[in-house]
Amino acid sequence: MNTKKLNNTFYIVTLLTVTMFFSCNNSYNEVQQLGMSENEPMGVAEHINLKYTDSGRVTANLLSAKMLDYSNRDFPFNEFQGGITLYLYDEENKKSTVVADYAIVYNKTDLIDLQGNVVITTVDNRELKTDQLYYDQKKEWLFTNKPVTFTSETDIINGNGFDSNSKFTNAEVLEVTGVITVED
Numbered sequence: 001m002n003t004k005k006l007n008n009t010f011y012i013v014t015l016l017t018v019t020m021f022f023s024c025n026n027s028y029n030e031v032q033q034l035g036m037s038e039n040e041p042m043g044v045a046e047h048i049n050l051k052y053t054d055s056g057r058v059t060a061n062l063l064s065a066k067m068l069d070y071s072n073r074d075f076p077f078n079e080f081q082g083g084i085t086l087y088l089y090d091e092e093n094k095k096s097t098v099v100a101d102y103a104i105v106y107n108k109t110d111l112i113d114l115q116g117n118v119v120i121t122t123v124d125n126r127e128l129k130t131d132q133l134y135y136d137q138k139k140e141w142l143f144t145n146k147p148v149t150f151t152s153e154t155d156i157i158n159g160n161g162f163d164s165n166s167k168f169t170n171a172e173v174l175e176v177t178g179v180i181t182v183e184d
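Residue numbers for the sequence shown follow full-length UniProt numbering, so the first one is 1 and each next one is one higher.
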């Protein structure tokens, strides 16, 4: 009888162990999240100097003091708390510059939100200044509803809002509040 009792105990323990083993079905992502708050970044990068190339030619160079990676969220994004400086190079290796005190890139929508002392200077010396500017990467479109100052070859235009493609070939200041014509 002792053996029968021992066998029954062994079967019960085995059954409980197998049941517990199969009842644990956490996915890999859930296991990764253990011990990590959703409010915490997934990663932190400092002193970024990222170069994008196309066919061996540098097309962009992103500089930033600090980037926080929140790809662990339902709506993932990257946050550049230390601001950004972005150099964009055209086919003739001429440089345009984008500067902002803060930037956030939303991964699912390909939307970039630039904030604080945003200044874009193009290859042909046109300049846009504003406090906030959005860039739609899919449509290659810049826009804002904030006050702007846009300097072209001949004019300095102030207004509330701005729309343009990324090459500034159809740049438009919305709700123009003032125009100063520059003479040579």
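Ideal Cβ placement from N, Cα and C applies to all residues, glycine included.
Checklist entry - Between the Cα of N107 and the Cα atoms of S55, T149, V98 and D74, which residue gives the shortest distance? => result D74
Next on the checklist: Pop quiz: Q81 and L63 are said to be a contact at Cβ under 8 angstroms. What is the actual Cβ separation, rounded to whole angstroms?
Outcome noted: With 8 angstroms as the limit, Q81 and L63 do not qualify as a contact, their Cβ atoms being about 14 angstroms apart.
Checklist entry - First and last residue of the beta strand (DSSP E) that includes L111? => result Element bounds for L111: L111 to T121.
Checklist entry - Would T154 be called buried (16 or more neighbouring beta carbons within 10 Å of its own) or exposed? => result exposed
Checklist entry - T144 and F162 look like a contact to me (Cβ under 8 angstroms); what is the Cβ gap, rounded to whole Å? => result Taking C-beta atoms under 8 angstroms as the contact rule, T144 and F162 qualify, at a distance of about 5 angstroms.
Next on the checklist: Just list the residues that DSSP pairs E140 with in beta bridges.
Outcome noted: DSSP, once it has assigned bridges, lists no residue as partnering E140.
Item to check | Whole-angstrom distance between P41 and G35, CA atom to CA atom | outcome: Caution applies to G35, whose pLDDT of 49 falls short of 50 and renders its modelled position unreliable; the model cannot decide the point.
Checklist entry - Are the CB atoms of T177 and N160 nearer to each other than 8 angstroms? => result yes
Item to check | Cβ neighbours of residue 189 in the same chain (closer than 6 angstroms, five flanking residues each side left out) | outcome: Because the chain in this structure spans residues 1 to 184, residue 189 falls outside the shown range and cannot be described.
Checklist entry - Of all the beta strand (DSSP E) runs that stay within the bounds of the region 38–119, which reach a length of 3 or more residues? => result The qualifying runs are 43–54, 57–70, 77–80, 84–89, 95–100 and 102–106.
Checklist entry - Roughly how many angstroms separate the alpha carbons of residue 212 and E175, rounded to a whole number? => result The chain is shown from 1 up to 184; residue 212 falls before or after that span and cannot be answered.
Item to check | Proximity winner among K95, S166 and I156, relative to Y135 (alpha-carbon distances) | outcome: S166
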